[in-house]
Amino acid sequence: MAEYNFLVVEDSPTMRQLISFSLKRIRGAKISEAGNGVEALKKLSEIKFNLIVADINMPLMDGLKLLSIVRKDPNHAHIPVIIVSTEGADADKEKGMQLGANAYLSKPIQTSELLETVKELVKIEE
Amino acid sequence: MDKPESTGDLFKKTREFLDIFRKGEEFTQDLLKENERLRFKIIQIEEESKTVNKGEGSPVSKLREALKQLEEEKRTLLDRFREVEAENKDFASKYIEVEEENNNLANLYVASYQLHSTLDFNEVLRILQEIVINLVGSDRFAIMVLDEVTNLLTAVAAEGMDEKRIKKVKVGDGVIGDVARTGESYFEPDVEGFKPANEMDPLVCIPLKIKDRIIGVLAVFSLLEQKSKKLSRVDYELFSMLAGHAATAIFSSKLYSVSERKLSTIQGFIDLLSGKGL
Numbered sequence: 000m001a002e003y004n005f006l007v008v009e010d011s012p013t014m015r016q017l018i019s020f021s022l023k024r025i026r027g028a029k030i031s032e033a034g035n036g037v038e039a040l041k042k043l044s045e046i047k048f049n050l051i052v053a054d055i056n057m058p059l060m061d062g063l064k065l066l067s068i069v070r071k072d073p074n075h076a077h078i079p080v081i082i083v084s085t086e087g088a089d090a091d092k093e094k095g096m097q098l099g100a101n102a103y104l105s106k107p108i109q110t111s112e113l114l115e116t117v118k119e120l121v122k123i124e125e
Numbered sequence: 000m001d002k003p004e005s006t007g008d009l010f011k012k013t014r015e016f017l018d019i020f021r022k023g024e025e026f027t028q029d030l031l032k033e034n035e036r037l038r039f040k041i042i043q044i045e046e047e048s049k050t051v052n053k054g055e056g057s058p059v060s061k062l063r064e065a066l067k068q069l070e071e072e073k074r075t076l077l078d079r080f081r082e083v084e085a086e087n088k089d090f091a092s093k094y095i096e097v098e099e100e101n102n103n104l105a106n107l108y109v110a111s112y113q114l115h116s117t118l119d120f121n122e123v124l125r126i127l128q129e130i131v132i133n134l135v136g137s138d139r140f141a142i143m144v145l146d147e148v149t150n151l152l153t154a155v156a157a158e159g160m161d162e163k164r165i166k167k168v169k170v171g172d173g174v175i176g177d178v179a180r181t182g183e184s185y186f187e188p189d190v191e192g193f194k195p196a197n198e199m200d201p202l203v204c205i206p207l208k209i210k211d212r213i214i215g216v217l218a219v220f221s222l223l224e225q226k227s228k229k230l231s232r233v234d235y236e237l238f239s240m241l242a243g244h245a246a247t248a249i250f251s252s253k254l255y256s257v258s259e260r261k262l263s264t265i266q267g268f269i270d271l272l273s274g275k276g277l
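Heads up: the sequence lines are chains A and E, in that order. What the first sequence shows, in numbering that gives the first Met the number 0, is residues 0 to 125, in sequence order. What the second sequence shows, in numbering that gives the first Met the number 0, is residues 0 to 277, in sequence order.
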């Protein structure tokens, strides 16, 4: 069975749990969690991830900063990144996409939409 | 000038002519015989054909019967195919429903799990705020707690508004006060066209109650833009779950902090009486 390592970067424990809970429905999914961008970078140095789901608004290091660091790092630049935000503003989405995000989801997250996006980006067929 | 033919020549020619005539006769006879044979053959074939086409046991009628049966089978199979197709569609829509239900349950599970993950009053309020922002999708709401002595609802947490500036609401006053009085949730019927007459007119207001005891309300004043100003089924379920679980979490965390305070006071007394505090 194929294994997929997903990294959920979200400061809200509720959202973190919900996203992880949703991703666990993908067969072979292994979830790692981080509360901000700094924690995420630490996890990235330890595990090889197939996908990152990151919130934009976070303390210490926000999702956009994390995204720009990931894209500049040749070891992680290829990892698909989904950015999540409470703001529905197009500006956020545009900025995220310009920095190299693969998808943008706005809160409240629809589990089906999240799963579809993840499966498409990681090319999982179930 | 031609020489007159001799009798011998004439005789020879007559014989030749008679030979030809005989051969013609034989040929005609053969033709007649062949004709007769063919006529007989035609009659025979016609008879056979009549036999083949008529009668229940004839091959053609058997083939016709088989064809009829096959057509009947084809019709039955097509009907079954249509039935299976309809069943498939039904299963597909049921699968979507189950998936949706799964997602809703996940939301409810996470919300209730988080609400009961702490006994710290402020932490409970923070989690409740997170749930309303992230799971319901509201950017302006207030959590108000009821003071049973004064009968006033006071905001203890809010999003998109300063909780200190939110006026206290008397039980029975306005929509919020009415929800606290009756214990019945309020949902604005026209969410899309909602235009509040004043700042304290909620879009949704749910009582926070433990059994029949109301301990406060959650008043939602607006939804995030991307929610398309619509409440979905899971939102109603979340509100209904929050009415009970948030109330229990708030109440138990308050009780815990009170009992913690009392415990430390009692411990202080015990220490004092036993001379430990000296």
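All C-beta atoms in this analysis are idealised placements derived from N, C-alpha and C, irrespective of residue type, glycine included.
Membership of K118(A) in any beta strand (DSSP E) is not indicated; the residue belongs instead to the alpha helix (DSSP H) covering T110 to V121. Spanning the alpha carbons of G27(A) and A102(A) requires a straight line of approximately 22 angstroms.
Put simply, the CB of S11(A) is near chain E, with a gap under 9 angstroms to one of its CB atoms.
The Cβ of V170(E) sits no closer than 9 angstroms to any Cβ of chain A. Your pair L237(E) and N106(E) checks out as a contact, with CB atoms roughly 6 angstroms apart and the cut at 8 angstroms. Counting only runs of 3 or more residues that sit fully inside the stretch 116-190 of chain E, the beta strand (DSSP E) segments are 137-146 and 151-158, in chain order. Taking a Cβ-Cβ threshold of 8 angstroms, the residues of chain A close to I126(E) are P12 and T13, in chain order.
For the set R15(A), L66(A) and G95(A), the Cα lying nearest the Cα of L40(A) is the one of L66(A). Across the set Y94(E), L124(E) and S111(E), the C-alpha of Y94(E) shows the shortest separation from the C-alpha of S111(A). The stretch 111-126 of chain E makes no contact with the stretch 187-202 of chain E; the number of CB pairs closer than 8 angstroms stays below 3. The beta carbon of K166(E) lies closer than 8 angstroms to those of M199 in the same chain, with the five residues before and after it left out. Proximity of V203(E) to chain A, defined by a Cβ-Cβ separation below 9 angstroms, is not satisfied. Burial is judged here by how many other beta carbons sit within 10 angstroms of a residue's own beta carbon; D161(E) has fewer than 16 and is exposed. For the 9 angstroms CB-CB criterion, G159(E) and P107(A) do not form a contact. The beta carbon of F48(A) does not come within 9 angstroms of any beta carbon belonging to chain E, so the residue lies off that interface. Between the stretch 39-59 of chain A and the stretch 70-90 of chain A there are three or more inter-stretch CB-CB distances shorter than 8 angstroms, so the stretches are counted as touching. Taking 9 angstroms as the CB threshold, R26(A) stays off the interface with chain E.
Separation of the CB atoms of E32(A) and R15(A) is rounded to 5 angstroms, and the pair is thereby assigned contact status at 8 angstroms. In this structure K226(E) is buried. Its beta-carbon is surrounded by 16 or more other beta-carbon atoms within 10 angstroms. Rounded to the nearest whole angstrom, the CA to CA distance from T149(E) to V69(A) is 56 angstroms.
Taking 8 angstroms as the upper bound for CB-CB distance, G182(E) and P206(E) are in contact here, some 5 angstroms apart.
Contact check for I209(E) and A246(E): beta-carbon distance about 5 angstroms, within the 8 angstroms limit, so the pair qualifies.
Taking 9 angstroms as the threshold, the shortest C-beta distance from L152(E) to chain A does not fall below it.
At the C-beta level, V8(A) and L22(A) stay beyond 9 angstroms of one another. Taking 9 angstroms as the cut-off, the Cβ atoms of Q128(E) and A156(E) count as close.
The beta carbon of F5(A) does not come within 9 angstroms of any beta carbon belonging to chain E, so the residue lies off that interface. Assigned with DSSP and collapsed to three states, R81(E) falls in helix. With a beta-carbon spacing of about 11 angstroms, T85(A) and L104(A) fall beyond the 8 angstroms limit used to define contacts.
When C-alpha distances from A242(E) are compared across E33(E), M143(E) and E187(E), the shortest belongs to M143(E). The three-state secondary structure of P73(A), taken from DSSP, is coil. Separation of E187(E) and F193(E) (C-alpha to C-alpha, rounded to the nearest whole angstrom) is 7 angstroms. Not flagged as an interface residue toward chain E: I30(A), since no C-beta distance is shorter than 9 angstroms. Cβ-Cβ distances below 6 angstroms link G215(E) to M143, V144, L145 and L207 in the same chain, with the five nearest sequence neighbours on each side left out; the list follows chain order. Sorting V257(E), S57(E) and L223(E) by C-alpha distance to the C-alpha of L134(E) places L223(E) at the top. Judged by DSSP secondary structure, G36(A) falls within the alpha helix (DSSP H) whose first and last residues are G36 to E45.
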